[in-house]
Amino acid sequence: MSMFCYQCQEAAKGKGCSVKGVCGKSEEVAKLQDLLIYTVKGISEIVIKGELEAKELGDVNHEVLKSLFMTITNANFDADAFVKEIKKMTTLRNQLRDMVDAANKKNAPSFFQKLLGLKKEQNGKKINVSTLHDAARFETATKAEMIAKAANVGVLATANEDVRSLRELITYGVKGLAAYAEHALNLGKEDLSLYGFIYEAMAATLNDKLSADDLVALTLKTGQFGVTAMALLDGANTGKYGNPEITEVNIGVKKNPAILISGHDLTDLEQLLEQTKGSGVDVYTHSEMLPAHYYPAFKKYDNFVGNYGNAWWKQLEEFESFNGPILFTTNCIVPPKSDEVRKRIFTTGASGHPGCAHIDADSNGKKDFSKVIEMAKRLKAPTEIETGKIIGGFAHEQVFALADKVVDAVKSGAIKKFFVMAGCDGRMKSRDYYTEFAEKLPKDTVILTAGCAKYRYNKLDLGDIGGIPRLLDAGQCNDSYSLALIALKLKEVFELNDINELPIAYNIAWYEQKAVIVLLALLHLGVKNIHLGPTLPAFLSANVANVLVDTFGIGGIDSVDADLAMFMGA
Ligand code: FSO
Ligand code: SF4
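In this note's numbering, each residue's number is its place in the sequence shown (first place is 1) plus 9.
Below you can see the structure in the form of structure tokens.
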């Protein structure tokens with residue numbers, strides 16, 4: 010087997026990609042990602058065994074977030090970027106190791122402080138580093154050596170299927186958590202407990218002494234820190250850009266040349282808007298960037314004109330007709346088919362693709378998007394593919410402002426049930442289920458959505474209930490946190506003991522690892538009977554799936570009609 014990856018919903022044949030990723034990931038990139046994750050595990054073991062404190066680890070914490078984020082599905086397809094990151098991380102790892110090496114006599118504080126960018130030298134616990142796991146000690150110098158090493162450190166290196174399943178479930182949750190923590194960090198917000206947990210969790214995946222029960226407990230703890238990460242990001246976004254408010258977003262086009270911005274990072278958007286204002290170049294959002302329109306701070310930019318296209322998987326055609334440059338701030342990238350489109354794609358942050366220019370931040374976090382803007386000026390305005398508007402902005406504060414109306418509608422029976430249909434969209438035909446499900450839902454139900462899953466139904470005319478739209482979009486996948494806050498608020502208003510007594514059903518679509526952390530976060534908040542589709546994760550072994558079914562009532566999906574009958578209690 011040349012590679013093995015089963016981290017996303019598209020895992021080949023529902024089992025795993027073993028020749029090339031369905032996502033387009035090459036064997037080479039898959040292996041380099043495995044080795045990068047292995048390196049992060051090694052770093053984590055040194056931090057845990059050496060009892061180093063996250064609060065003093067500065068740049069190491071930040072690079073760990075970036076490494077994890079780079080390996081998320083559809084974030085980065087650039088082998089050279091992984092080679093560079095592995096070199097950087099193994100260097101950092103070796104310096105950390107030297108710090109805790111009992112035999113190392115030259116670990117003078119200033120030496121390590123300077124090398125690692127540490128806030129302060131730590132004494133840590135001195136350990137015999139020769140007893141550390143291979144992940145903390147291996148050495149590779151060239152790409153070929155990295156690929157050879159990776160062959161023995163990937164997912165299948167764990168022989169026991171259940172232990173493997175739990176280790177991967179934790180790892181994928183941690184990847185999602187890291188992505189959210191990185192967005193918050195870009196806004197200057199961090200929570201040290203998150204780094205501490207990342208080290209604990211990643212080190213645990215190397216520990217053969219942990220039982221399946223220990224790993225189940227750690228899985229649930231991952232959900233707890235998922236809530237911390239989403240709350241942190243929510244505070245960072247709303248603290249800087251204001252609380253999302255009800256907004257109509259234009260989906261047609263204007264006449265100016267334009268830039269399309271995709272992904273999830275709002276600081277990148279802010280910098281792009283600042284640099285394009287008054288330039289005659291318009292900015293459109295794509296896929297998960299759509300909810301940026303809901304934030305008050307971005308409404309002041311006259312050139313921030315609308316949303317172009319749909320969820321990530323439709324980008325091959327939509328980027329052709331957009332005509333201008335595209336800036337990816339995160340996933341989901343689909344490898345472009347033509348050179349013409351490839352040359353128009355720019356990446357930044359953890360994202361990357363060979364042949365696409367990558368824009369790095371300077372030491373102050375500033376990015377220079379002038380090349381993107383110059384390119385836009387030379388190219389045609391976007392070709393219109395649809396017209397109209399979509400409405401969103403129903404994050405927690407906006408919904409709380411409508412609380413009286415919502416509560417009255419529930420009490421009067423005008424709203425019978427809420428359906429949380431958050432998560433991701435994807436290219437599988439079976440995802441038509443979600444459009445049909447939304448269309449067939451009884452008219453006295455309301456959909457609460459977040460993430461790119463919404464594109465399956467956000468252009469349908471679902472109507473409203475007494476002025477409350479039947480589709481309430483809270484924002485990006487991380488804004489599922491808003492949906493949880495809304496549920497907790499309703500529980501309080503209705504004076505219920507248990508969140509599961511609310512008339513809320515959960516029919517969630519998943520695709521990649523951010524959806525894994527959203528799911529684990531919901532489980533941590535006590536939500537039961539979540540239905541997950543279009544297929545259950547390939548990385549759940551039969552026994553691990555049973556634990557989730559028995560403990561949390563997790564289920565898959567059936568036909569739309571059968572599921573509607575089940576959810577509506579018929
Ligand atoms: Fe979608 Fe992609 Fe937001 Fe994901 S664009 S699939 S869960 O990256 O992160 O919802
Ligand atoms: Fe396959 Fe998904 Fe892994 Fe890509 S990320 S290789 S599609 S399982």
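For every residue, glycine included, the Cβ atom is placed at its ideal position computed from N, Cα and C.
Keep in mind that this is a model prediction, so the values were computed, not measured.
With a threshold of 8 Å between beta-carbons, can F446 be considered close to chain C, or not? Going by chain labels, chain C is absent from the structure shown, which holds only one protein chain.
Using the beta-carbon count (16 or more within 10 Å), is N169 buried or exposed? exposed
Throw me the rounded Cβ distance for the L269 and F307 pair, which I believe falls under 8 Å. Incorrect: roughly 15 Å between the Cβ atoms, too far for contact.
A370 (DSSP reduced to helix, strand or coil): strand
I need the DSSP call for D311, collapsed to helix, strand or coil. coil
Following a CB-centred definition, is T82 positioned closer than 7 Å to any heavy atom of the ligand SF4? yes
Suppose only complete runs of 3+ residues qualify. What are the beta strand (DSSP E) ranges in the segment 418-448, listed by chain order? 426-429
Here's a check: name, in chain order, each residue in its chain whose Cβ is nearer than 7 Å to the Cβ of W322, leaving out the five neighbours to either side. V343, D434, G435, R436
Please classify R176 as buried or exposed, where buried requires at least 16 other C-beta atoms within 10 Å of its C-beta. buried
Hey, S550 and D171: beta-carbon distance below 8 Å or not? yes
Helix, strand or coil for H192, going by three-state DSSP, please let me know. helix
D87 to K386 span [Cα, whole Å]: 27 Å
Kindly indicate which three-state DSSP category A483 falls into: helix, strand or coil? coil
Based on the DSSP secondary-structure assignment, which residues constitute the bridge partners of E257? I400
Are three or more beta carbon pairs between the segment 294-313 and the segment 235-242 nearer than 8 Å? no
I'd like the list of long-range same chain contacts for G535, defined as Cβ closer than 6 Å, with 5 residues on each side in sequence excluded. I508
Looking at K158 and I81, is the spacing between their C-beta atoms short of 8 Å? no
Please state whether DSSP places A150 in a helix, a strand or coil. coil
If we ignore side chains and look at the alpha-carbon of each, how far apart do A90 and S372 end up? 19 Å
At which residues does the beta strand (DSSP E) containing N516 begin and terminate? 513-518
Taking just the CA atoms, how far does A187 sit from G224? Looking at the sequence itself, residue 224 is Leu, so the reference to Gly does not match. Looking at the two C-alpha atoms, the distance is approximately 19 Å.
Just to check my reading of the structure: E254 and G402 have Cβ atoms closer than 8 Å, yes? What is that Cβ distance to the nearest angstrom? 5 Å
Report yes if the CB atom of R11 is closer than 8 Å to the CB atom of V31, and no otherwise. For clarity, residue 11 is Ser in the given sequence; the question names Arg instead. No. Outside cutoff.
Locate the alpha helix (DSSP H) running through Y15, then write down its first and last residues. No alpha helix (DSSP H) contains Y15, which DSSP labels as neither H nor E.
Stretch pair the segment 512-530 + the segment 471-484: three plus CB contacts closer than 8 Å: no
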